[in-house]
Amino acid sequence: MPVELRKRKAPAPAPEPPAKKQSKASKVATKVKEAVKGKSAKSAKPANANGSSKPAKPVVGDTIALDGFGGEVETNDGKKTTLKALVDESESGVVIFTYPKASTPGCTTQACLFRDSYEPLTKGGLAIYGLSSDSPKANTTFKTKQNLPYPLLCDPSATLIDAIGLKKAPKGITRGVFAVDKAGKVLIAEPGGPAATVEAVKKLVAESDGAEKEETTEEKPAEKSAEEDKPTNGEAAEEKKVDGAAE
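Here numbering that gives the first Met the number 0 is used: the first residue of the sequence shown is 0, the next is one more, and so on.
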């Protein structure tokens with residue numbers, strides 16, 4: 000009778016070694032690594048080309064994109080507007096002076112200086128506006144009481160004030176003046192006292208007038224030269240005789 004061979008059972012797999020307990024020191028190290036990693040991810044913000052997460056403050060000579068610049072503000076009479084709309088409505092550009100608070104002594108002096116120089120400052124087509132974070136009611140009272148000939152802009156969120164570089168950190172407004180032409184070129188961007196802000200605009204207007212006079216002076220000699228080249232009646236008659244003789 001043939002012998003029946005029995006199959007051996009496969010040996011049971013060896014039990015997995017128990018996981019090593021993490022030492023106190025390694026636990027602390029792991030927690031520190033995770034905390035540092037989380038903090039880095041949280042603090043990372045999109046940066047501009049210059050490495051700053053905040054738009055650079057405009058300086059004289061810069062050309063800014065007027066679309067969306069500074070967000071929306073409100074005039075003292077309740078009309079919503081933007082810097083782009085104000086520039087589009089102007090003849091040659093916009094001047095905005097900032098003041099910390101309506102109806103306070105320094106701000107009243109500044110507003111009245113712009114009032115008293117309003118005509119010479121706007122004769123070249125510049126439009127003047129005052130800008131603060133005051134409410135429309137406060138600015139309307141200020142405008143009426145001081146008989147200001149220009150509108151006052153209300154920017155409670157300080158979006159435009161910040162965009163032109165005249166917002167104090169963390170809160171507040173730096174007194175100053177900002178001017179931009181129709182193409183978005185920054186003509187003035189500086190802080191200053193009540194008189195200094197007006198003087199900056201006077202200087203801009205004077206320089207603009209000087210440039211226009213130079214252009215006019217250059218055009219006149221060219222016109223005169225063209226007139227001198229035209230033959231007089233006598234010269235024209237003489238030339239006609241010579242032409243007839245030649246024929």
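For each residue, glycine too, the CB sits at the ideal point set by N, CA and C.
Model, not experiment: these values are computed from the prediction.
- Inclusion of V179 and V185 in the CB contact set at 8 Å is warranted, their separation being smaller than that value.
- Note that the stretch 124-136 touches the stretch 77-92; at least 3 beta-carbon pairs, one per stretch, sit closer than 8 Å.
- In the structure shown, T81 falls within a strand segment according to DSSP collapsed to helix, strand and coil.
- Within its own chain, the residues whose Cβ lies closer than 8 Å to the Cβ of T74, once the five positions on either side in sequence are excluded, are T80, P135, P150, L151, L152 and C153, listed in chain order.
- The continuous alpha helix (DSSP H) containing F113 extends over residues P104 to D115.
- From the listed residues T139, T108, K142 and A137, the smallest Cα separation to R174 is found for T108.
- Within the same chain, and ignoring the five residues on either side of A64 in sequence, the residues whose Cβ sits closer than 7 Å to its Cβ are G183.
- Residue environment analysis places T143 among the exposed positions, since fewer than 16 neighbouring C-beta atoms fall within 10 angstroms of its C-beta.
- Per DSSP, the continuous alpha helix (DSSP H) segment holding P135 begins and ends at P135 to Q145.
- Residue P99 holds the alpha-carbon nearest to the alpha-carbon of N138 among D87, P99, G171 and A162.
- Under DSSP, V86 shares a beta bridge with no residue.
- A direct Cα-Cα distance of roughly 16 Å separates K166 from L82.
- Note that the C-beta distance between P190 and G105 is not below 8 Å.
- Of the residues assessed, V72 falls on the buried side of the cut-off, its CB having 16 or more other CB atoms within 10 angstroms.
- Residue state for G129 is assigned as strand, using DSSP reduced to three classes.
- In the DSSP assignment, I160 falls within the unbroken alpha helix (DSSP H) covering T158 to A162.
- In terms of CA proximity to D208, L120 leads the group D66, L120 and K78.
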